[in-house]
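According to my numbering, the sequence shown is numbered sequentially starting from -6.
Only one structure is covered here, and it is reproduced in the block below.
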Amino acid sequence: MASVVKKVDHSIPKRPPGWGARHTIVILGFWAMCILYALRFNLSIAIVAMVRTAKSESETNVFSYSDEDSHITRTNLSGVEKTCMHLKERFDSYVITNDTTDEGIITRLVKEGRKKTGDMKSQEEDNNRKGEFNWTREQQGIILGSFFWGHVITQIPGGILAQKYGPKWPLGYGILFTSLLAIVTPIAARWSITALIIVRILQGLVGGVVWPAMHLLLGKWAPPDERSKLVSIVYAGPQFGTAAATIACGYLIDWNVFGGWPSAFYVLGGLSLVWFIFWVWLMNDAPKTHPTISPEELAYIEGSIGEQCSGKHVPTPWRAILTSVPVWAILIAHVGEDYGLYTLLTELPTYMKTVLHFNIRENSWMSALPQLVRWLFSIVLTYFADYLIHKKILRVVTVRKLCNTIAHWGAGAALVGVSYLGCDPVMTVVVLTLAVGINGAVNGGCITNHVDIAANHAGILMGITNTAANTCGILAPFVAGLLTNEAATIDRWQIVFFIAAGVYVFNNLVYLLFASGSEQSWNRGEDAENSQKKYANIENVGKENEKEDAKGNVNWVCVNERSLEAAGTEAGVKEDSM
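What follows is the structure, given as structure tokens:
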């Protein structure tokens, strides 16, 4: 006979002090997400060194140099200004002029007061010598997006696998095989562009199970009044991993470790194998199966979250999920989040190179800085979000919408600002850092919302929304590559940033209108219309089922489904003010 757990009021066991098993799980999860994103976006910085610098249409004939000691008037700068060519040598003074030769009019860039001006020519030749591949911007966009071709396929299957077999092994093997494929990436790239794309697709396939499995894991381990904080710590891993990998790859490539750009794959892939050992050793699927968890912590987690007393697998209510308005609100917000974020994550290093002309080390730091700020901001803000929920200052749904609005509309406004900054490298980096950093608030918004509305099905819900969202990992770099392929100019990049900002604004508006923070009636494994018949108000079911503490507070109780049916009243849904 099946049974369910219901909660009479908001009394829960006291939070145990000190370090607990849930904290170890969260730290392992943090490093898992670090690794996943380091292996996903290391190509974004490596590709800067892999590809020969191609002249855009607006740069044609700009790179001719004079050996004459001259003081020439600056003329005909329209094409140069659109690509900020004067930033290629930020510590020297240059003038630009048009000279008439036998070959026609040639635009020359000349350093004032210096006879030898071949340094910049040497620098460009050095850039061309470092790059092994002649890939166009459009091809680069396809390569960067190919990871997501596989990633979108395994999101929902990953959630189903995690729910059926537990999240430990699907997640662990997903990271393991992603790491092994990273190690063979340089071989594939040198073989052919097709081989590289296939390896990236395979990485996406095996890595696709990680997000839904992680979400299910957090649904089992994160109590409601710590949920924003613990979820945010885990999902701050992508920002930290992206930033750390970006910086590390920049230096590994610059120092020519293991031949330069291949080190971005060898080193990170090898370190990821070490993480897998700790994952196998320390990870457990749920609190009740953890061998060393304290009785106090077990009571706190299960008393806060609740579970089915029978321990049986909860069937997936597909019809209820696919017709749920709150689920669709999360999905639309998640799509908007990933389009804007992947525009920045995959394209920021290229923008830093083609427009602001940072070298590989500068590029790595400037691309990593926004991720570091996002990591810190997400943790700080979600601590505050948990405080608001724990103290019942705001309802869960209000906190989720507030965090999501800060993340999306704040980042959208910053992207619009970047579009008008032109060739100011300092302000551009500051505003881009603000755009990515403030977006970290999303970890307290739609990214956590799956667990609020259906903790039992959080893995599958994440699989559904992440499938849709990860199509943006294909679309965003493709659109950016298409728009900047012929000319990587400021006005072309302005269009890229405006599109991302528009998606942020519209999709968050939908989330504000339709999101919920309440546990949905179908979370217990029933279709929506059946759940109202099956679950009765716990207070109407006999007093023999109640468990009271010393102060008379009613805690979590196990209630027989037959008793609930006999009671014949609606259980309703758990309110936001948990």
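Where a beta carbon is used, it is the ideal one built from N, C-alpha and C, also for glycine.
Are residue i and residue j touching if we call contact CB-CB under 8 Å?
| i | j | result |
| --- | --- | --- |
| I577 | R193 | With the chain covering only -6 through 571, there is no way to say anything about residue 577. |
| A238 | L365 | no |
| V227 | T147 | no |
| S317 | Q513 | yes |
| A573 | S371 | One cannot answer for residue 573 here, as it falls past the ends of the chain, which runs -6 to 571. |
| I18 | W214 | yes |
| L349 | T421 | yes |
| L291 | P284 | no |
| A257 | L245 | yes |
| N478 | E131 | yes |
| D331 | A462 | yes |
| P205 | G151 | yes |
| P308 | I446 | no |
| V411 | F490 | yes |
Run the CB neighbour count on residue i, radius 10 Å, all protein chains shown included, and call it buried at 16 or more, exposed below.
| i | result |
| --- | --- |
| P310 | buried |
| P288 | exposed |
| Y413 | exposed |
| R183 | exposed |
| R367 | buried |
| N127 | exposed |
| L629 | Residue 629 lies beyond the range of the chain shown here (-6 to 571); nothing can be said about it. |
| R485 | buried |
| D158 | The sequence given here has Tyr at residue 158, not Asp. Flag for Y158 reads exposed. |
| V41 | buried |
| I382 | buried |
| T282 | exposed |
| I180 | exposed |
| V390 | buried |
| G263 | exposed |
| V419 | exposed |
| G234 | buried |
| K394 | buried |
| K385 | exposed |
| T129 | exposed |
| L315 | exposed |
| T339 | buried |
| M11 | Per the sequence shown, residue 11 should be read as Gly rather than Met. Counting Cβ neighbours within 10 Å, G11 comes out exposed, since fewer than 16 surround it. |
| T347 | buried |
Going by C-alpha distance, which of the options is nearest residue i?
| i | options | result |
| --- | --- | --- |
| L198 | T460, V250, T477 | T460 |
| L211 | Y335, I190, N277 | N277 |
| K7 | G159, D218, W274, G152 | D218 |
| W272 | G333, M207, F34, W321 | M207 |
| A322 | R45, L29, N500, T129 | N500 |
| L468 | S139, L362, V373 | S139 |
| V498 | R312, H327, I186 | H327 |
| I399 | V419, V429, V422, K385 | V429 |
| L337 | G200, F471, G13 | F471 |
| T441 | V392, L369, R130, I191 | V392 |
| P231 | W402, F34, V411 | F34 |
| V44 | G234, P255, F141 | P255 |
| W402 | I153, G329, S225, G22 | G329 |
| Y259 | S172, C439, V145 | S172 |
| V620 | P216, R388, I286 | Within the shown structure, residues of the chain are numbered from -6 to 571, placing residue 620 beyond reach of any answer. |
| Q156 | R388, V411, A448, L195 | A448 |
| T343 | G234, I20, A473 | A473 |
| L21 | V267, K394, F141, T187 | V267 |
| R312 | W12, R15, E355, W515 | W515 |
| A14 | G234, I286, F141 | I286 |
| L209 | Y30, T347, E355, I298 | I298 |
| S225 | R517, C439, V503, L502 | C439 |
| V145 | D417, S511, Q196 | Q196 |
What is the C-beta distance between residue i and residue j, in whole angstroms, given that I count them as a contact (C-beta under 8 Å)?
| i | j | result |
| --- | --- | --- |
| C396 | G437 | 4 Å |
| G415 | I488 | Not a contact, Cβ separation roughly 15 Å. |
| G134 | L475 | 7 Å |
| L324 | I457 | 7 Å |
| S360 | L32 | About 16 Å; that fails the 8 Å criterion. |
| A25 | I168 | 6 Å |
| L341 | L425 | 7 Å |
| S357 | G243 | 2 Å |
| P9 | Y376 | The pair is not a contact, with the Cβ atoms about 19 Å apart (cut-off 8 Å). |
Task: Segment contact, 8 Å Cβ cut-off, at least three pairs: the stretch 397 to 408 with the stretch 494 to 503 - done: yes
- [ ] Specify whether the stretch 150 to 162 and the stretch 175 to 182 touch according to this definition: at least 3 beta carbon pairs, one from each stretch, less than 8 Å apart.
- [x] no
TODO: Could you say if the stretch 444 to 461 and the stretch 247 to 254 meet the contact criterion of at least three C-beta pairs nearer than 8 Å?
DONE: no
Open item on the list: Under 8 Å, with one C-beta from each stretch per pair, do the stretch 503 to 513 and the stretch 424 to 436 reach the 3-pair mark?
Closed with: no
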